[in-house]
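Residue numbers (this note's numbering), protein chains in the order written: chain A, 1 to 105; chain B, 1 to 105. Here's the structure, in structure tokens; my notes come after.
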DNA sequence: TTACAATATATCATATTTGACATAATCTAT
DNA sequence: ATAGATTATGTCAAATATGATATATTGTAA
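Structural data, given as structure tokens:
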């Protein structure tokens, strides 16, 4: 199973085994998850590029290291709102976000 | 006071009088609100373009007319997640969303 | 006008998201 | 290898978002 597909499914909150696929995503669900994961990946990329720890970012947004880790992992328990707020607090502009989303399949 | 500014403040959940300004938004807050309102406006635009009522859209996403109204109004009680999901269910693509966000100040 | 459809606004019980915390796993020098 | 730093994962009470409902307001045709 492709890792990218696995992450998508996990972001939906499903437990995904390593041997079989049995979940069909609608195009909207697919687009939503792609978008979310793209933003999550951008966050990690931006943070590391700026030599910040997850704790550094957490303090920037008055949150905790564990929540930043969950954001970067695309955990189902984090909202796109939080990811966007964090990206903006880490130096991204709306145009940066637009680029990330545009690059989505 | 500019109407655009008023809507931004209201989206932050503040009560804004018509005669005075006393709230400063950080650049991130400003960007976040601009982004959210741009998506909300796009939703209304897309819905009317497609000759759908708020009730129609509500059924598409298993929600209610009142919540769709709140989305379009940029109400503080609605998440960007919900707005994005709704846009995707109303026919927008990720690229459409990217364009909307890119057009943000 | 008046009746009717569409939209706006308020409230609320329920559901989801949140920061915090504990602790495990992983990396990175020495 | 060992210590210290960083990141990952699980849990939970509190905060926030949600659909539903009621009702008010606005639009729109007759």
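Built from N, CA and C at the ideal position, the CB exists for glycine as well. Here the structure is a predicted model, which means the values were calculated and not measured.
In whole angstroms, what separates the C-alpha of residue i from that of residue j?
i: residue 34 of chain B; j: residue 76 of chain A; result: 25 Å
i: residue 89 of chain A; j: residue 60 of chain B; result: 34 Å
i: residue 46 of chain A; j: residue 29 of chain B; result: 19 Å
i: residue 53 of chain B; j: residue 49 of chain A; result: 45 Å
i: residue 24 of chain A; j: residue 25 of chain B; result: 42 Å
i: residue 67 of chain B; j: residue 58 of chain B; result: 8 Å
i: residue 70 of chain A; j: residue 92 of chain A; result: 19 Å
i: residue 98 of chain B; j: residue 41 of chain B; result: 14 Å
i: residue 101 of chain B; j: residue 39 of chain B; result: 7 Å
Are there 16 or more other CB atoms within 10 angstroms of the CB of residue i, so buried, or fewer, so exposed?
i: residue 105 of chain A; result: exposed
i: residue 36 of chain A; result: buried
i: residue 94 of chain A; result: buried
i: residue 3 of chain B; result: Unreliable positioning characterises residue 3 of chain B in this predicted model, as indicated by a pLDDT of 49, which lies under 50. The coordinate reading is nonetheless provided below. It counts as exposed.
Kindly list, in the order they appear in chain B, the residues whose Cβ is closer than 8 Å to that of residue i.
i: residue 31 of chain A; result: 88, 93, 94
i: residue 79 of chain A; result: 79, 80, 81
i: residue 85 of chain A; result: 28, 32
Quick one: list the residues of chain A neighbouring residue i, beta-carbon separation under 7 Å, in chain order.
i: residue 75 of chain B; result: Those within 7 Å of residue 75 of chain B in chain A number zero; the least Cβ separation is about 14 Å.
i: residue 102 of chain B; result: 95, 98
Given that residue i touches chain A, what residues does it touch there, using C-beta distances under 9 Å?
i: residue 49 of chain B; result: Under the 9 Å cutoff, chain A gives no residues; its nearest Cβ is about 18 Å from residue 49 of chain B.
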